[in-house]
Amino acid sequence: MSNLRVLKQDDNNVTPSQLALYGNNQTVSVYDLQGNYQGTEMFFHLEAGVNSLYTTSTGHAMIYWAPAQVYQDKFKNFFTRMRTSYKSSLR
């Protein structure tokens with residue numbers, strides 16, 4: 241991957257205050273990246289989450305990518321459903 245750059249970065253602590261009282265910490269990070277892969281301009285979207293409770297942590301990540309010229313169409317028709325299904329499975 242050459243010319244990789246961060247287009248958007250969003251890191252949030254999403255810990256409910258009731259759980260924070262018990263030492264729980266939940267963080268969600270979202271990154272939009274763009275770069276060249278084998279001569280094609282690609283767009284990447286990465287979402288990662290970590291749930292920590294004292295010395296134990298669990299995490300999950302989701303990444304999807306497509307050539308930059310078709311990414312918005314793929315996001316609308318495919319990635320959004322995939323993302324919704326994945327997030328529902330975490331509940």
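This note's numbering applies: residue 241 is where the sequence shown begins, and numbers increase by one.
Glycine included, C-beta positions come from ideal geometry on N, C-alpha and C.
DSSP places Tyr294 outside both helix and strand once states are collapsed to three, so it counts as coil. The beta carbon of Gly299 sits closer than 8 Å to the beta carbons of Ala288, Gly289, Val290 and Asn291 from its chain, once the five residues preceding and following it are set aside; these are given in chain order. Per DSSP, Tyr262 lies in no beta strand (DSSP E) segment and is marked neither H nor E. Under the three-state reduction of DSSP, Thr320 is assigned to helix. Counting only residues of its own chain and dropping the five nearest sequence neighbours on each side, Phe315 has no CB closer than 6 Å to any other CB. Asp250 and Leu261 have their C-alpha atoms spaced approximately 24 Å apart. Here the alpha carbon of Leu273 sits roughly 11 Å from the alpha carbon of Glu281. In this model, Gln258 and Ser297 are separated by some 18 Å (Cα to Cα). In this structure, Gly275 and Leu247 do not form a Cβ contact; the two beta carbons are roughly 10 Å apart against a cut-off of 8 Å.
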